[in-house]
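**Q**
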Amino acid sequence: MTSAFLTRSTRLLALAALAGLTGLPAAAALDPDVLNTHTQHEGVFGGETVSYQALVERTELPASELAPAVDMISFAYLRDDALEADNRPVIFLFNGGPGAASAWLHMGAMGPVRINAPLDPATPVPDGQAPVANLHALIDVADLVFLDPPETGFSRVAGDAEPGGLYSVNGDADVFARFIETWLADHDRTEAPVFLLGESYGTMRAAAVAGLMAERDPLDGVILMGQAINMIETSQRRGNMLSYATNLSALAAIAAYHGRVDTHGQSIPDFIDTVQGWAMGEYLTALLRRNRLSAAERQAIADQLAAYTGLSAETYLANGLIFPKMRFLGALLADEGRNLAMYDARYTAPVPEDGGYVDPYGEVSALVPAALSAHFSDTLGLDLPFDTYVRLDRNASANWDWNPTGGMGGPFDDFYYSGMLEAAFEANPEFRLMIGTGRYDLTTTIGPARYLADQIQAGGGHVETHEYEGGHMSYTNPEALEAFAGDLRAFIDAAD
1 MTSAFLTRST RLLALAALAG LTGLPAAAAL DPDVLNTHTQ HEGVFGGETV
51 SYQALVERTE LPASELAPAV DMISFAYLRD DALEADNRPV IFLFNGGPGA
101 ASAWLHMGAM GPVRINAPLD PATPVPDGQA PVANLHALID VADLVFLDPP
151 ETGFSRVAGD AEPGGLYSVN GDADVFARFI ETWLADHDRT EAPVFLLGES
201 YGTMRAAAVA GLMAERDPLD GVILMGQAIN MIETSQRRGN MLSYATNLSA
251 LAAIAAYHGR VDTHGQSIPD FIDTVQGWAM GEYLTALLRR NRLSAAERQA
301 IADQLAAYTG LSAETYLANG LIFPKMRFLG ALLADEGRNL AMYDARYTAP
351 VPEDGGYVDP YGEVSALVPA ALSAHFSDTL GLDLPFDTYV RLDRNASANW
401 DWNPTGGMGG PFDDFYYSGM LEAAFEANPE FRLMIGTGRY DLTTTIGPAR
451 YLADQIQAGG GHVETHEYEG GHMSYTNPEA LEAFAGDLRA FIDAAD
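In terms of the numbering used here, the sequence shown has 486 at position 486, counting the first letter as 1, and numbering is strictly consecutive.
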């Protein structure tokens, strides 16, 4: 991969990262009446044998001032023998995009079956593998409802209406908030503790929905996985010095993983702490003084950057003491002729002869649709062609309205998502926030997640961060999935 290619593609790659899916068809018309199934199952979750119902349901939402009428299709897993079911937690889960279905969280993390990616990223990914039982799904402690935005999955805009306001921050949040309220009422769960789990753009949606519901039905908690809440502050552009400081620890973690730096005996998590402390202190101060640094000061900063990231001091001196994370994809292992994966930089692949980019994580991504198709037919009894399930609505991604700040910068524009979370804290003093990040994610990185936790002006101690041995979808690492599930169980339990 050439530096020129990476420079031109930085914004497009980052936007694609919020979707997490590529190469998918446009929405096809469906008869939504066939999308109502109820099946019984048994599985082992959290070490406990659990009987549960799997519901595929159609929920009709009328038009509002912000969005047209829609038919939302959800996938719910509800424990049969739960005592005090009214008080049993419900978690609503969704991915990002904007315009992505919930396929990754459904098949990668929290559904009753999951893909089985290798523990070792260097191990070949098996082709055509059937899904395996997911022992870490939370069905033992909470009911799970996976949501697909209209025009993704099997969800559709009703009738012949145009998506219109659905393709906007506020319209999207309005539909999700009204769905959640409707689902809870329809299932006699209005007294249940309610949590949202959003990933990537889904973290922005979760914040917007939490802000809306703070005004009428305050939530109990939100889980952000691969958070993009503070992207305006931490997206990299030459004039945004904070972004180079917050993102440095991810470059260091990746360099350490690939053996390109000396951690002096520190574990990678401890090394991250060391780099983060230096980056947000001495390095950020140097960047703010950049043109006033002496030659000796510049050299000292460049030498330390080299020691932490595996790139040469000369590279940093030639680039004004900064180096974009998207260029890092092709730079770290350039001497080996290999690229890093943007979603999970543990994965690498040879640079094509034409100098382009082949996603090293693509084989893992390909496991998701195969597993989802098998789950739909073999477990849920859906008799539909799988190609009618739309994993990414490309029209949404291309036409999203980011008002009130305009669309030129997309998610990089200023939208006060953290303020929406603060409204949720104010509405419910017991509201809790969990932020999870993969150490080797080059899209939504660990430093900005820590910075968000530091900057939330509310919470009273109810904000927690966790970092996992993986990338953007770190739960594809079985060990990270186990840790993530354990943290979620503790988070849900602490909210009781």
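The C-beta atom is built at its ideal place from N, Cα and C for all residues, glycine as well.
All values derive from a computational prediction rather than experimental measurement.
#1: Met231: which of Tyr416, Pro62 and Ala302 sits nearest, CA to CA?
#2: Rounding to the nearest angstrom, what Cα-Cα distance links Tyr361 and Ser294 in this structure?
#3: Measure the alpha-carbon distance for Arg439 versus Pro269 and round it to whole angstroms.
#4: Where are the beta strand (DSSP E) runs, 3 residues long or more, that stay fully inside the region 265-353, in chain order?
#5: Have a look at the DSSP bridge pairing and note the partners of Ile522.
#6: Whole angstroms are fine: how far does the CA of Ala109 sit from the CA of Phe479?
#7: Among residues of its own chain, excluding the 5 on either side of Asn247, which ones have a beta-carbon nearer than 6 Å to its beta-carbon?
#8: Would you mind sorting Pro385 into buried or exposed? The rule is 16 or more other CB atoms within 10 Å of its CB.
#9: Just to confirm, is the Cβ distance from Glu191 to Asn87 under 9 Å?
#10: Expressed to the nearest angstrom, what Euclidean distance is found between the alpha-carbon atoms of Glu162 and Gln227?
#11: To the nearest angstrom, how far is it from the Cα of Thr285 to the Cα of Leu321?
#12: In the DSSP output, what is His41 paired with across the bridge?
#13: What do you reckon, are the CB atoms on Pro149 and Ala398 nearer than 9 Å?
#14: How is the beta strand (DSSP E) around Phe431 delimited, first residue to last?
#15: Ala100 by DSSP, collapsed to three states: which one?
#16: Within a Cβ cutoff of 7 Å, which residues of the same chain sit near Pro25, ignoring the five residues on either side of it in sequence?
#17: Within 10 Å of its beta-carbon, does Leu197 have 16 or more other beta-carbons around it, so buried, or fewer, so exposed?
#18: Are at least three pairs of beta-carbons, each pair with one atom in the region 128-139 and one in the region 207-224, less than 8 Å apart?
#19: Classify His106 as buried or exposed, calling it buried when 16 or more other Cβ atoms lie within 10 Å of its own Cβ.
#20: For the beta strand (DSSP E) holding Ile223, just list the boundary residues, first then last.
#21: Under 7 Å Cβ to Cβ from Arg58, same chain only, skipping five residues before and after it: list those, please.
#22: In chain order, what residues of the same chain have a beta carbon less than 7 Å from the beta carbon of Ala331, not counting five sequence neighbours either side?
#23: Expressed to the nearest angstrom, what Euclidean distance is found between the alpha-carbon atoms of Val364 and Leu392?
#24: My output table needs one value for Phe92: the three-state DSSP class, helix, strand or coil.
#25: Between which two residues does the beta strand (DSSP E) carrying Phe154 extend?
#26: Terminal residues of the continuous beta strand (DSSP E) containing Phe146?
#27: Among the candidates Gly277, Pro193, Asp303 and Tyr316, whose CA atom is the shortest distance from the CA of Ala85?
#28: Less than 8 Å between the CB atoms is what I'm expecting for Phe146 and Ser102, so what's the real figure, rounded?
#29: Do you know whose CA, among Gly239, Asp273 and Gly165, lies nearest Asn403's CA?
#30: From this set, Ser474, Val275 and Ile229, which residue's C-alpha is nearest Arg499's C-alpha?
#31: Quick one: Cα of Glu336 to Cα of Val351, how far?
#32: Hey, how far is the Cα of Thr348 from the Cα of Asn428?
#33: If you draw a straight line from the alpha carbon of Asp188 to that of Glu181, how long is it in whole angstroms?
#34: Can you say whether Val358 is buried or exposed, counting buried as having 16 or more other CB atoms within 10 angstroms of its CB?
#35: Determine the extent of the beta strand (DSSP E) in which Ala398 is found, giving its start and end residues.
#36: Roughly how many whole angstroms lie between the Cα atoms of Tyr77 and Thr315?
**A** On the basis of the supplied data:
#1: For the set Tyr416, Pro62 and Ala302, the Cα lying nearest the Cα of Met231 is the one of Tyr416.
#2: 42 Å
#3: 8 Å
#4: 338-340 and 348-350
#5: The question about residue 522 has no answer here: the residues shown for the chain are numbered 1 through 496.
#6: A quick correction: the sequence has Glu, not Phe, at residue 479. Using only the alpha carbons, I get a separation of about 12 Å.
#7: Lys325, Thr445 and Gly447
#8: exposed
#9: yes
#10: 30 Å
#11: 12 Å
#12: Bridge partners of His41: Tyr52.
#13: no
#14: Careful: Phe431 lies outside any beta strand (DSSP E) and carries neither H nor E.
#15: Here Ala100 sits in strand by DSSP.
#16: In this predicted model, Pro25 has a pLDDT of only 44, less than 50, meaning its place in the structure is not dependable; the value taken from the coordinates is given anyway. Same-chain partners within the cutoff: Asp387 and Val390.
#17: buried
#18: no
#19: buried
#20: Gly221 to Met225
#21: Pro32, Leu35, Asn36, Asp71 and Ile73
#22: Residues of the same chain with a CB within less than 7 Å of the CB of Ala331, apart from the 5 flanking positions on each side, are Leu311 in chain order.
#23: One Cα belongs to Val364, the other to Leu392, and the distance between them is close to 17 Å.
#24: strand
#25: Premise fails: Phe154 is in no beta strand (DSSP E) and is neither H nor E.
#26: Residue range Asp143 to Leu147 is occupied by the beta strand (DSSP E) that includes Phe146.
#27: Comparing Cα positions, the closest option is Pro193.
#28: 4 Å
#29: Gly165
#30: For residue 499 there is no data in the structure shown, the boundaries of the chain being 1 and 496.
#31: 9 Å
#32: 44 Å
#33: 11 Å
#34: exposed
#35: Per DSSP, Ala398 is not a residue of any beta strand (DSSP E); the alpha helix (DSSP H) it occupies stretches across Arg394 to Asn399.
#36: Rounded to whole angstroms, Tyr77 to Thr315 spans 52 Å at the Cα level.
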